[in-house]
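**Q**
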Amino acid sequence: MKILRLQQIVIEIAEEIADKAAEIEGAADAKVEGEAPGGFGIAVATIDGEVVSAGEAATQFPLQSISKVFALELALCALGDKVFERVGREPSGDPFNSIIDLEKTSGLPRNPFVNAGALAVVDILVEELSAKKQSEAVVEFVRRQAGLDSVELNDEVMASEHEGGDLNRAIMSFMRHHGNFHSPIDEVMEAYVKQCAFLIDCAGLARAGLFLAHTRRSPDDEKADAKAQRMRKVLALMMTCGHYDGSGDFALRVGLPAKSGVGGGILAVVPEIASVAVWSPNLDQHGNSMLGVRGLEMLAYRTGWSVFGPPIE
591 MKILRLQQIV
601 IEIAEEIADK
611 AAEIEGAADA
621 KVEGEAPGGF
631 GIAVATIDGE
641 VVSAGEAATQ
651 FPLQSISKVF
661 ALELALCALG
671 DKVFERVGRE
681 PSGDPFNSII
691 DLEKTSGLPR
701 NPFVNAGALA
711 VVDILVEELS
721 AKKQSEAVVE
731 FVRRQAGLDS
741 VELNDEVMAS
751 EHEGGDLNRA
761 IMSFMRHHGN
771 FHSPIDEVME
781 AYVKQCAFLI
791 DCAGLARAGL
801 FLAHTRRSPD
811 DEKADAKAQR
821 MRKVLALMMT
831 CGHYDGSGDF
841 ALRVGLPAKS
851 GVGGGILAVV
861 PEIASVAVWS
871 PNLDQHGNSM
881 LGVRGLEMLA
891 YRTGWSVFGP
901 PIE
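Here the sequence shown is numbered in my numbering, starting from 591 and rising by one per residue.
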């Protein structure tokens with residue numbers, strides 16, 4: 591798709607959502623009823639190096655759970671498929687911070703994107719990286735991928751996670767009881783909180799996630815082929831588990847691998863074409879941005895982008 595046409599589509603989507611924000615959120619299953627519709631931003635980064643954006647694409651928001659994708663990539667680079675001896679690969683069907691499944695599975699998280707799985711992944715990074723690097727690994731990786739010169743962390747997220755992280759600490763203790771958690775809890779919390787608090791805008795997030803779009807295998811290049819296969823594994827997990835107990839609905843509506851965060855952002859990937867970032871603050875019952883999901887649904891419809899079929903030429 592030509593870049594000018596893509597820019598036009600993105601602008602039209604942002605304008606339509608701005609006009610119908612109250613209607614869209616009114617029809618969704620809002621987490622908090624009666625909130626005024628928030629802003630909406632969208633950015634698309636193509637594998638050709640172009641970035642188009644519209645709406646409030648320059649508004650910063652904390653990465654929150656979207657950071658789990660980047661942490662998983664680093665863990666897979668360090669350990670390969672051994673990561674899945676510590677973390678499962680199945681949808682949970684439960685809220686992101688549920689501890690119920692851990693009891694059923696004797697301390698093995700269902701997937702890397704629920705909190706238990708994300709904490710286990712960070713535990714792996716703390717084990718594998720030097721003390722100097724472990725707390726900054728994901729933050730630095732996102733910064734480099736986004737092409738940012740510096741990093742800013744959200745003070746509110748930092749404070750709330752440190753002071754109110756009792757459930758996450760309980761999850762880590764439960765996994766340790768079952769032999770699936772090895773590092774000091776405070777060290778894992780420090781790294782986890784920093785990656786969640788990373789401030790970014792839609793354009794930066796789209797650039798940061800673009801590496802995930804490179805999924806074409808290269809059998810004659812062992813290193814490149816291994817990377818493409820790793821991207822496919824991450825995208826598969828994003829597709830099945832990226833929106834918690836709303837993942838099936840998202841897959842049906844949008845048809846793209848994606849990961850949401852309670853900061854209102856969503857990162858979606860169109861294999862071999864582009865990465866897309868949207869943001870809007872008001873969330874549905876599953877913790878996913880209502881306007882963000884609608885924006886991605888509109889983009890997928892107008893472009894034909896889907897892992898289930900070819901794009902519109």
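Glycine included, C-beta positions come from ideal geometry on N, C-alpha and C. Note that the structure is a prediction, hence the values are computed from the model and not measured.
Along the chain, where does the alpha helix (DSSP H) containing valine 852 start, and where does it finish?
**A** Careful: valine 852 lies outside any alpha helix (DSSP H) and carries neither H nor E.
**Q** Skipping 5 residues on each side, what residues in its chain have a beta carbon closer than 7 angstroms to that of isoleucine 902?
**A** The answer, listed in chain order, is Thr893 and Gly894.
**Q** Do valine 659 and alanine 665 come within 7 angstroms of each other at the CB atom, strictly closer than that value?
**A** Not closer than 7 angstroms, so no.
**Q** For the pair the region 701-717 and the region 731-751, tell me if three or more CB-CB distances fall below 8 angstroms.
**A** Contact fails: fewer than three Cβ-Cβ distances are below 8 angstroms.
**Q** Roughly how many whole angstroms lie between the Cα atoms of valine 778 and leucine 800?
**A** Whole-angstrom Cα-Cα distance: 27 angstroms.
**Q** Apart from the five residues just before and just after alanine 706, which ones in its own chain have a Cβ nearer than 6 angstroms to its Cβ?
**A** For alanine 706, where only same-chain residues beyond five positions count, the Cβ hits under 6 angstroms are Leu692, Pro699 and Ile761.
**Q** Can you find the residues in the same chain that come closer than 6 angstroms, C-beta to C-beta, to glycine 836, ignoring five residues on each side of it along the sequence?
**A** Around glycine 836: His876 and Asn878.
**Q** Beta strand (DSSP E) containing isoleucine 690: first to last residue?
**A** First-last for isoleucine 690: 690-694, but that is the alpha helix (DSSP H), not the beta strand (DSSP E).
**Q** Taking tyrosine 782 as the reference, which of Ser896, Ala661, Gly629 and Phe840 has the closest Cα?
**A** When only C-alpha atoms are compared, the closest one is Ala661.
**Q** How far does the alpha helix (DSSP H) with glycine 616 in it extend, from its first residue to its last?
**A** Residues 593-617.
**Q** Run through DSSP, which three-state label would leucine 743 get?
**A** Reduced to three states, the DSSP call for leucine 743 is strand.
**Q** Give the straight-line distance between the Cα atoms of phenylalanine 764 and phenylalanine 686, rounded to the nearest whole angstrom.
**A** In a straight line, the C-alpha of phenylalanine 764 is about 16 angstroms away from that of phenylalanine 686.
**Q** What residue range is occupied by the uninterrupted beta strand (DSSP E) comprising serine 837?
**A** Careful: serine 837 lies outside any beta strand (DSSP E), inside the alpha helix (DSSP H) at 837-843.
**Q** I need the DSSP call for alanine 858, collapsed to helix, strand or coil.
**A** DSSP places alanine 858 in strand when its eight states are reduced to three.
**Q** Can you tell me the Cα-Cα spacing of alanine 746 and alanine 848, whole angstroms?
**A** Looking at the sequence provided, one finds glutamate at residue 746 rather than alanine. Spanning the two alpha carbons is a distance of roughly 25 angstroms.
**Q** Since I believe proline 871 is in contact with alanine 803 (beta carbons under 8 angstroms), could you give me their beta-carbon distance rounded to a whole number of angstroms?
**A** Wrong, their Cβ atoms sit about 26 angstroms apart, outside the cutoff.
**Q** Compare the Cα-Cα distances from proline 900 to each of Gln650, Ala867, Ile863 and Ser850 and report the closest residue.
**A** Taking only the C-alpha atoms, the option nearest proline 900 is Ile863.
**Q** Looking at the strands, I want to know which residues DSSP matches up with proline 652.
**A** Beta-bridge pairing links proline 652 to Leu789.
**Q** Buried or exposed for lysine 784, please, with buried defined as at least 16 other CB atoms from any protein chain shown within 10 angstroms of its CB.
**A** It is buried - the Cβ of lysine 784 has at least 16 other Cβ atoms within 10 Å.
**Q** Quick one: what's got a C-beta closer than 6 angstroms to methionine 880's C-beta in the same chain, skipping five residues either side?
**A** Within the same chain, methionine 880 has close Cβ partners Glu615, Ala618, Asn872 and Asp874.
**Q** Going by DSSP, what residue range makes up the alpha helix (DSSP H) through glycine 882?
**A** Unbroken alpha helix (DSSP H) run through glycine 882: 880-893.
**Q** Taking DSSP's pairing of strands, which residues face aspartate 874 in a bridge?
**A** Paired residues: Ala620.
**Q** With DSSP as the reference, label serine 643 as helix, strand or coil.
**A** Looking at serine 643 - three-state DSSP - the assignment turns out to be strand.
**Q** With DSSP as the reference, label asparagine 737 as helix, strand or coil.
**A** At residue 737 the sequence reads glycine, which differs from the asparagine that was named. Residue state, collapsed to three classes: coil.
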